[in-house]
């Protein structure tokens, strides 16, 4: 018999395995989302009100708790996707809604939601100033909550350095002086992109495709999303961008305030398209009473005052204090472009198809 | 025989039920929304959609960009697979783990990083690649090269070196050996990797959207657009069907080309050796790949260290600061981890059952066919658009007993579906590699089926099982698509939080988003390093 | 007592074993012999409960095993390549079944030592299977199977993976060990030498059927037919007049067919069958010849070493009647 060097066997591997699995299972059980508060069994009761909204929804926890203590209802927030995804989700689930209240349908999608019968009438009192943002039709179902304008923004320093007069209107953007300077998010993939398209449609009517052809000929760059255009391509995005003209929001200049206390960017107030976000009680809501309370709550002074810091939008309620930088650097356009939501709803597909053709020609 | 089939059905029942409820039902629900008009299938409408020139363009672009992406990933991945798995040098293990980072990074972040690199102002700006298909293909390769490196690398690592030695002894040059012996032996792994990469490329969403400008759309982005923006569910359904058809076809081809390794064959495994002069081309190619993978990551890291015009860790300290809604990036990471844990146990439980069912020895041809079909079935979730699945959940899982659309487990379930193919592909070859006679020997010695499982299967399986857990965790950590379309409590996972940060103005938000991405990447590397320590041939057997 | 009553097994509708009937008394060893693919391993697996029966019954001590799962049958199965558990030590492997029965650790250790001593591997307890040679591995597998104290031990080609010398050596040992343990065993093999070395009884299988069964000597001396004879090591089967000539030379009654071993025809000066050497090949023990006999044709024969027999030479052959087997007309 050969004398083999006796090798120590590993300590009972299957015992180790069992132990590993046991440890793993315990870890799993400890971390699992199972048994969390807010599992569906808790939502069955009528004392819970469910808010369906988009990914950008954000309000201070403290405010949400305030609502709960005021009304005695428990508030659940279900968020996902963007405004378009939200609207279409609501349309698809209209026979059996996911929640009681929806917030985040904007004026480009409102008609679709209303036409599909997503929202129920609810007696909500509009706060002062809000009526200006109300839908021409259907304000008994959808009430405006916040607003913001999509405007062309410019890097003021860039133009000053070059002694170049900055553009001011949509017409200016196709002038050779501003060749290769504009970047805009795409209309088909981004909501500010669509708003910009709508402002050109509002300005040029049926001739808008010609305008876009000229814009593209003048070297406009398209990106998929807003963050892409602003952070990567815009000269004031902080990342070595090369384009000093970007499609963004009227509030954007409030976020580019330098050490000298002045903003390095400015919104061109003659290029703006007004966006309004609405809230409403869903048809078939399990808890319509509480739902109405919630919509009313979104219009309350506290929530309205929290909107700029939380969601980067303006309140619809007048007399609400804005953050200092907003008040100073984010003046609002006095006469922004608007289009009838019904019009947008009726022509969206056609416009986007044409736009895609013009821009990808 | 019937008892065997009954037992098979029983074992398969759980994963099949999961697949049925969380995949087949939602997807067919969405398809029905689009195809079922006024009580019958609207064939006219389907044909009309298929005839649209834009649909042709989109399908064609999807196919050729995915094919090009796959080819690039293969060409770049092969030398790296050799270098990282056949050669031994310091840091090889770390590099192997690092290679997987792109695979799990959220596409939004990678898209932005790529654009920073290729954009007019970026270091590679002069190449003028921004917004061209080249950028898209490079990004697709960036994401998927890890799959090639891993799949081919592990196969290469366990390749019997003797045939190559024999060929060399017969006078073949190293290139001839590679071409005539090594590559043919690697064919199953190559084919498997290629088919999976093609699948991933063809269903890529975020990168194409970000990098394609708007000029280039794939089936996946088109479905998204049609569903969320235009609510043209009919066209979306038709495109989903096209996509499913392609995926099924690809899986069938892959299955045919995938040869089953003979478990009884005794293999000699070559030890990794130090690099020699002949390895220089492979080393150079690997270096190039590292640059390709590293550059966008580097952009990310440097960006994250830059805050308000100065270098520093400000973006990282901001991770702990709550935003208006009280969410912190670190809190989101915790949410991500908890979600990932749930997704992992679901994927593991299902994957284990599927692998067990798929690898048990078949007594008849029918049984064998049933088993291999089952195996392929669980690859399907890879081929369906996240938006279709997400919307499908909403419209189908709304009635008792399946009133699940508000369940906190829905997000983990969706992620588990994405991770499941990886888990199955990790476990199947291991279970298949256990000689069935080991189990029979144990049974004949008096071990009950349960004891057989514990004493024969588990000792072999526990490492791959942990490795699969690592994969599932990593996939779930990075998953964005399905997560963002599902209704969920307002507690974002880290990728969603990053997306949100990117969506808000203010360069500090941007920096924080980059720091959060680095955090996500770091967490992923840690998970993958832990998996790597277990040394399991993993994605390998795809 | 193991009893197989018209056992049939089929794969996917194709019969692998057809109506096989066998009886094996307590403490005896049965060798199931047959070419590869004849269904002998399937038969063994059916006894172990690893293959479902398409028909017939398997009984141990009169009790039908239908519906009894493998792990409750008490039929330890030993594979061609041992199938040791790679993650367990030698002692862990041998004591596997004992631990399944929750035998106290001390008793396990004692029994393992006994069994290792029985298979001549004392001192190997802590080794891992990967470090063992093929022969050692098979002995561990045997000890592991014996530890079950099986009602029937099933051996599936236990020695065929080993080289010739080791095989011969281990066959002898296997017989000694099985005898000493008093085990009822079924040994499946394609090697008749191995069967002779180990078994008491023999069953010959062909195309899924048991063609002959009986005490080993009897089967050896009276093969059921020509094919069986060839498989049992007979060199040729002579028919008709050729058979008659050789039978007559051996002093036997005329027979329609005669199986002839190589060593039954020996070159000798007193031989009564003259013939011409066709070819000759020397081996260390004898010279192997092919001789053409008149009225018979080519036959195999041997000559003592040193005997002069070159191709073309005329030689005379004697016939050893004990190395012939008369076959019934088939």
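Protein chains in written order, with this note's numbering: chain S, 196 to 556; chain F, 103 to 644; chain D, 58 to 387.
Ideal placement from N, C-alpha and C gives every residue a C-beta, glycine not left out.
Would you call residue 335 of chain D buried or exposed, if buried means 16 or more other Cβ atoms sit within 10 Å of its Cβ?
Numbered from its first residue, the third chain carries residue 335 of chain D at position 278. Its Cβ having fewer than 16 others within 10 Å, residue 335 of chain D is exposed.
Can you find a CB in chain F that lies within less than 8 angstroms of the CB of residue 118 of chain D?
Counting from 1 along the third chain, the entry for residue 118 of chain D is found at position 61. With 8 angstroms as the cut-off, residue 118 of chain D does not count as an interface residue toward chain F.
Evaluate residue 250 of chain S with the Cβ neighbour count: other Cβ atoms within 10 Å of its Cβ, from every protein chain shown; 16 or more gives buried, anything less gives exposed.
On the first chain, residue 250 of chain S is found 55 positions in, with the first residue counted as 1. Classification of residue 250 of chain S: buried, given that the 10 Å Cβ count is 16 or more.
Once the 5 residues before and after residue 248 of chain F are set aside, which same chain residues still bring their CB inside 7 angstroms of it?
Locating residue 248 of chain F in the second chain gives position 146, counting from the first residue. Only 201, 202, 204, 205 meet the Cβ criterion.
Does residue 363 of chain F have its Cβ less than 8 angstroms from a Cβ in chain D?
Counted from its first residue, the second chain places residue 363 of chain F at position 261. Unreliable positioning characterises residue 363 of chain F in this predicted model, as indicated by a pLDDT of 48, which lies under 50. The coordinate reading is nonetheless provided below. Taking Cβ atoms only, chain D never reaches closer than 8 angstroms to residue 363 of chain F, which makes this a no.
At 3 residues or longer, what runs of the beta strand (DSSP E) sit wholly inside the region 214 to 282 of chain D?
242 to 246, 258 to 263, 266 to 272
Shorter than 8 angstroms from the beta carbon of residue 260 of chain F to some beta carbon of chain D?
Taking the first residue of the second chain as position 1, residue 260 of chain F is located at position 158. Judged by the 8 angstroms Cβ criterion, residue 260 of chain F is not in contact with chain D.
So residue 316 of chain D and residue 291 of chain D are in contact, right, with Cβ under 8 angstroms, and what is the actual spacing, rounded?
In the third chain, the residue the question calls residue 316 of chain D occupies position 259. In the third chain, the residue the question calls residue 291 of chain D occupies position 234. Yes, residue 316 of chain D and residue 291 of chain D are in contact; Cβ-Cβ is about 4 angstroms, under 8 angstroms.
Is the beta carbon of residue 445 of chain F closer than 8 angstroms to that of residue 574 of chain F?
What you label residue 574 of chain F is simply residue 472 of the second chain in a count that begins at 1. What you label residue 445 of chain F is simply residue 343 of the second chain in a count that begins at 1. Closer than 8 angstroms, so yes.
Identify the contact partners of residue 604 of chain F in chain S, using a Cβ-Cβ distance below 7 angstroms as the criterion.
What you label residue 604 of chain F is simply residue 502 of the second chain in a count that begins at 1. Within chain S, the residues near residue 604 of chain F are 422.
Closest to residue 413 of chain F by CA distance: which of F:624, F:623, F:610, F:625 is it?
By 1-based counting over the second chain, the position of residue 413 of chain F is 311. For residue 413 of chain F, the nearest C-alpha among the options comes from F:610.
Can you tell me where the alpha helix (DSSP H) with residue 267 of chain F in it begins and where it stops?
Numbered from 1 along the second chain, position 165 holds the residue referred to as residue 267 of chain F. Residue 267 of chain F -> alpha helix (DSSP H) spans 264 to 271.
Along the chain, where does the alpha helix (DSSP H) that runs through residue 195 of chain D open and close?
Counting from one through the third chain, the residue named residue 195 of chain D turns up at place 138. Segment 191 to 204, the alpha helix (DSSP H) holding residue 195 of chain D.
Residues in the region 403 to 436 of chain S having any Cβ partner in chain F nearer than 8 angstroms
416, 417, 418, 419, 420, 421, 422, 423, 425, 426, 427, 428, 432, 433, 434, 435, 436
Rounded straight-line distance, which links the Cα of residue 89 of chain D to that of residue 268 of chain D
As a working note, residue 268 of chain D is residue 211 in the third chain. As a working note, residue 89 of chain D is residue 32 in the third chain. Each residue's alpha carbon lies about 11 angstroms from the other.
Which residues DSSP lists as bridging residue 138 of chain F, in chain order:
Within the second chain, residue 138 of chain F is the residue found at index 36, counting from 1. According to DSSP, residue 138 of chain F bridges with F:143.
As assigned by DSSP and simplified to three states, the class of residue 341 of chain S:
Taking the first chain and counting its residues from 1, one reaches residue 341 of chain S at position 146. Note: residue 341 of chain S maps to strand in three-state DSSP.
What residues match up with residue 201 of chain F in a beta bridge as DSSP calls it?
As a working note, residue 201 of chain F is residue 99 in the second chain. Looking at the DSSP assignment, residue 201 of chain F forms no beta bridge with any residue, so it has no partner.
First through last residue of the beta strand (DSSP E) which encompasses residue 349 of chain D
The sequence position of residue 349 of chain D within the third chain is 292, counting from 1. Looking at the DSSP string, the run of the beta strand (DSSP E) that includes residue 349 of chain D is 343 to 350.
State the Cα-Cα distance for the pair residue 367 of chain F and residue 260 of chain F, rounded to the nearest angstrom.
As a position in the second chain, residue 367 of chain F is number 265, starting the count at 1. As a position in the second chain, residue 260 of chain F is number 158, starting the count at 1. The predicted position of residue 367 of chain F is uncertain, since its pLDDT is 41 and thus under 50; no value can be drawn from it.
Beta carbons nearer than 9 angstroms to chain S: which residues of the region 212 to 236 of chain F have them?
213, 214, 217, 218, 221, 222, 223, 224, 227, 232, 233
How about residue 241 of chain F and residue 313 of chain F: are their beta carbons less than 8 angstroms apart?
Working through the second chain from its first residue, we reach residue 241 of chain F at position 139. Working through the second chain from its first residue, we reach residue 313 of chain F at position 211. In this structure, residue 313 of chain F lies closer than 8 angstroms to residue 241 of chain F by Cβ.
Which term fits residue 376 of chain D, buried or exposed, when burial requires 16 or more other beta carbons within 10 angstroms of its beta carbon?
In the third chain, residue 376 of chain D corresponds to position 319, counting from 1. So residue 376 of chain D ends up on the buried side.
Who are the near neighbours of residue 75 of chain D in its chain, counting only those whose CB is closer than 7 angstroms to its CB and skipping five residues on each side?
Numbered from 1 along the third chain, position 18 holds the residue referred to as residue 75 of chain D. Around residue 75 of chain D: 65, 265, 266.
May I ask you to report which of helix, strand or coil DSSP gives residue 357 of chain D?
The residue given as residue 357 of chain D occupies position 300 in the third chain. DSSP places residue 357 of chain D in strand when its eight states are reduced to three.
As an exercise, report each continuous alpha helix (DSSP H) stretch of at least 4 residues that is fully enclosed by the region 420 to 499 of chain F, in chain order.
431 to 461, 467 to 479, 488 to 498
Within a Cβ cutoff of 6 angstroms, which residues of the same chain sit near residue 371 of chain S, ignoring the five residues on either side of it in sequence?
For the purposes of this step, residue 371 of chain S is taken as residue 176 along the first chain, with counting starting at 1. Here the set comprises nothing.
In the structure shown, what three-state DSSP assignment does residue 299 of chain S receive?
Taking the first residue of the first chain as position 1, residue 299 of chain S is located at position 104. Strand at residue 299 of chain S.
Hey, residue 273 of chain S and residue 244 of chain S are a contact pair by Cβ (cut 8 angstroms); roughly how many whole angstroms apart?
Reading the first chain from its first residue, position 78 is the one you call residue 273 of chain S. Reading the first chain from its first residue, position 49 is the one you call residue 244 of chain S. Not confirmed; about 11 angstroms, so no contact.
What do you reckon, are the CB atoms on residue 519 of chain F and residue 483 of chain F nearer than 8 angstroms?
Locating residue 519 of chain F in the second chain gives position 417, where the first residue counts as 1. Locating residue 483 of chain F in the second chain gives position 381, where the first residue counts as 1. Yes, the pair counts as a contact, with Cβ atoms nearer than the cut-off.
State the start and end residues of the unbroken alpha helix (DSSP H) segment that holds residue 536 of chain F.
On the second chain, position 434 is the one that residue 536 of chain F refers to. Note, residue 536 of chain F: premise wrong, no alpha helix (DSSP H); not H, not E.
Can you have a look at residue 364 of chain S and say buried or exposed, based on whether 16 or more other CB atoms are within 10 angstroms of its CB?
Start at 1 with the first residue of the first chain, and residue 364 of chain S comes out as number 169. Classification for residue 364 of chain S: exposed.
What number of angstroms, rounded off, separates the C-alpha of residue 329 of chain S from the C-alpha of residue 394 of chain F?
Along the first chain, read from residue 1 onward, the residue named residue 329 of chain S stands at position 134. Along the second chain, read from residue 1 onward, the residue named residue 394 of chain F stands at position 292. Rounded to the nearest angstrom, the two C-alpha atoms are 51 angstroms apart.
Using a Cβ-Cβ distance under 8 angstroms, would residue 209 of chain D count as near chain F?
Mapped onto the third chain, residue 209 of chain D falls at position 152. No, residue 209 of chain D lies away from the interface with chain F (no Cβ there is under 8 angstroms from its Cβ).
Could you give the first and the last residue of the continuous alpha helix (DSSP H) run that contains residue 571 of chain F?
For the purposes of this step, residue 571 of chain F is identified with residue 469 of the second chain, where counting begins at 1. 560 to 580 is the span of the alpha helix (DSSP H), which, as asked, contains residue 571 of chain F.
Residue 547 of chain F: contacting residues in chain D (beta-carbon distance under 9 angstroms)
The sequence position of residue 547 of chain F within the second chain is 445, counting from 1. The answer, in chain order, is 128, 133, 134, 153, 154, 157, 201, 202, 204, 205, 207.
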